[in-house]
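Have a look at the structure below before the remarks.
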Amino acid sequence: MSILPWQAEYWQRIDQLIADNKLPHALLLAGHKGVGKRAFAEHLAKRLLCNNPRGSEPCGQCKTCELIQHETHPDLLHLSPEEAGKVIKVDQVRETIDRLHGTAQQGGYRVLIIDPAEEMNISAANALLKTLEEPGNNTLILLIVHQLGQVMPTIRSRCQRVEFSLPEAGLATDWLAEKLQLPPEKAKGYLGLAQGAPLTAYEWKSGGAIDLRANFLGGLADLLRARVSPVALAEKYQKEDLRLPLIWWQSLLGDIVRIQMAQDEQPRINLDMRKMVDSVAKQANASRVLKLYESVQVELNAIQRHLNPNKQLLLEKLFFDWKELSVK
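Using my numbering, read the sequence shown as starting at 175 and increasing by one per residue.
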């Protein structure tokens, strides 16, 4: 992936640091998930390892670029959870550090990308500290962080932070429309669902998550119409990764809360669910809606912290509360 259009300012700063030979040994790339932090890290690694870079761009033709393209470059290391939804373990960190401390096989930089860095457990984070303090020459560690508050202060203090904000909506919409070959209005709708994060919108649409969202929210509509029971719907989803469904549900509840808090028309995220949103906002008790919104957030936080709640019971409770919103 080439440089994302909303990251030009960041690249100007990085290019200057490289030109002045002042690139720090560790960069903490922080910000909303889906704004391109991983793409930035990968591109920076390619730029540093390339034999013939052209400004911010790697040449794409040298031996180094070929190795990176085939994911076989010995001096580009990656550290992520072994399984989705799991933590980065201390043994993974130690093994990667041993490789990082070796001599660069291509004679240049050694680059380590940790994604997401907040998924390191305490032991893993502590194992990384000494390397952050004494990384060695021509070593760059890139820590990708979606939730900065979950990163140990001792890790944060040893890195130079780069804050990635959400891109300007028009720029992100144009990029998304071009990538997905969609009309701008359609792309704008998907961008809204992803709360302004263009890469999240792209992944949801191209990876089929948008269809999963429609099915899940359709199940919520069926609950309101008594076409399915909370227990049956919970059984359908109790083996699934619940992070995205809970994010979508909270977004829907957020629309309802905003409408109930003001009489005039409020900006909506879930434009395709207008009928259900309006119906619930009109009939439901506002305090119950807000309480359910908070409950969904609590359960989402628990899942993100790997607390492994009982999904069947979790969903049954939330689905029952949703079904009862309009009960007087």
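Idealized CB from N, CA, C, for every residue including glycine.
If you run the structure through DSSP and keep just helix, strand and coil, what is residue 334?
Start at 1 with the first residue of the sequence shown, and residue 334 comes out as number 160. Strand at residue 334.
Can you list, in chain order, the residues of its chain with a C-beta nearer than 8 Å to that of residue 448? Leave out the 5 residues immediately preceding and following it.
In the sequence shown, the residue the question calls residue 448 occupies position 274. Excluding positions up to five away in sequence, the list reads 442.
Unbroken alpha helix (DSSP H) run spanning residue 442, endpoints
Taking the first residue of the sequence shown as 1, we reach residue 442 at position 268. In this chain, residue 442 is not harboured by any alpha helix (DSSP H), its DSSP state being neither H nor E.
Does DSSP put residue 270 in a helix, in a strand, or in coil?
Translated into positions along the sequence shown, residue 270 becomes position 96. Helix at residue 270.
From the DSSP secondary-structure annotation, give me the bridge partner or partners of residue 313.
Residue numbering aside, residue 313 sits at position 139 when the sequence shown is read from its first letter. DSSP lists 284 as the bridge partner or partners of residue 313.
Going by the DSSP bridge assignment, what does residue 210 pair with across the sheet?
On the sequence shown, residue 210 is found 36 positions in, with the first residue counted as 1. Bridge pairing for residue 210: absent [DSSP].
Under the three-state reduction of DSSP, which class applies to residue 200: helix, strand or coil?
Residue numbering aside, residue 200 sits at position 26 when the sequence shown is read from its first letter. Strand, per DSSP.
Bridge partners - residue 319, DSSP secondary structure assignment
The residue given as residue 319 occupies position 145 in the sequence shown. According to DSSP, which records beta bridges pairwise, residue 319 is partnered with 204.
Using only CA atoms, which one of 182, 452, 181, 381 lies nearest to residue 435?
One-based indexing of the sequence shown puts residue 435 at position 261. Comparing Cα-Cα distances from residue 435 to each of 182, 452, 181, 381, the minimum goes to 452.
Among 471, 430, 226, 481, nearest to residue 461 - alpha-carbon criterion
Translated into positions along the sequence shown, residue 461 becomes position 287. Among 471, 430, 226, 481, the Cα nearest to that of residue 461 belongs to 430.
Are there three or more Cβ pairs, one per stretch, closer than 8 Å when the region 250 to 264 is compared with the region 457 to 473?
By the Cβ rule, the region 250 to 264 does not count as touching the region 457 to 473, because fewer than three pairs are nearer than 8 Å.
Inspect the CB distances between the region 188 to 203 and the region 307 to 318 and report whether three or more fall short of 8 Å.
Touching, yes, given that three or more Cβ pairs across the two stretches are closer than 8 Å.
Nearest-angstrom Cα distance between residue 293 and residue 482?
On the sequence shown, position 119 is the one that residue 293 refers to. On the sequence shown, position 308 is the one that residue 482 refers to. Rounded to whole angstroms, the separation of the alpha carbons of residue 482 and residue 293 is 15 Å.
What residues in its chain sit with their C-beta under 8 Å from that of residue 279, if we drop five residues either side in the sequence?
Within the sequence shown, the letter at position 105 stands for residue 279. These residues qualify, in order along the chain: 248, 249.
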